[in-house]
Amino acid sequence: LSLGAWPFALKALFAPLVDSYFSRKAWVIPCTLASGALWLWLGHTIEALVLSRDTTSLAAALFAVVLLLAAQDVAVDIWALELLPARSRPYAPVCQTVGMGAGNLIAHPLLLLLSSSRLRDPPVLTLPRFLWLLG
58 LSLGAWPFAL KALFAPLVDS YFSRKAWVIP CTLASGALWL WLGHTIEALV LSRDTTSLAA
118 ALFAVVLLLA AQDVAVDIWA LELLPARSRP YAPVCQTVGM GAGNLIAHPL LLLLSSSRLR
178 DPPVLTLPRF LWLLG
């Protein structure tokens, strides 16, 4: 599980790369599309990966998704600083933090509710369907 945290922990090391090459949109859009494609692929193959105990492929796919999302996060941070006027720049991290907190506050209980077999059998949301929806 710690492998999944590496890209966000080390994003300060590859932030200069994201900042130096291409425009912000050239990072955000491909990272979004590629991570979406990986989520779709995982939604299609997750049960086979789990049943075959292919942890290497699963870990590699999840690491790739987190790496893409970390690169996207860096690009969005830089883009926000470029778009905002100087007097509004201090509010960018606050908005991002509040948005992440609100998203987590809404998404996690909703995911648990929709995937609960106690609420409905079979559950409304299965793992493959959830991963497919992420894509």
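Those letters in the sequence shown? Residues 58 to 192, by this note's numbering. Using N, Cα and C, we set each Cβ at its ideal position, and we do this for glycine too.
- Assignment of T183 by DSSP, reduced to helix, strand and coil, places it in the coil class.
- DSSP places P64 inside the alpha helix (DSSP H), whose first and last residues are 63-66.
- The beta-carbon distance between K68 and A127, rounded to whole angstroms, is 5 Å. This is short enough to meet the 8 Å contact definition.
- Of the candidates A66, F71, N161, the residue whose Cα lies closest to the Cα of A132 is F71.
- When G61, R175, Q153 are compared, the shortest CA-CA separation from T113 is found for G61.
- In the structure shown, Y78 falls within a coil segment according to DSSP collapsed to helix, strand and coil.
- The alpha carbon of L125 has as its nearest neighbour, out of G158, I86, L188, F79, the alpha carbon of I86.
- It is roughly 43 Å from the alpha-carbon of V151 to the alpha-carbon of S109.
- As the crow flies, the alpha-carbon of G156 is around 22 Å from that of W96.
- Taking the Cα of W189 as reference, the smallest distance to any Cα among W63, C88, I103, L169 is reached at I103.
- The Cβ atoms of R144 and L138 lie no closer than 7 Å to each other.
- For D134, the enclosing alpha helix (DSSP H) starts and ends at 112-140.
- In terms of Cα proximity to V122, the closest of L182, F65, R186, V181 is F65.
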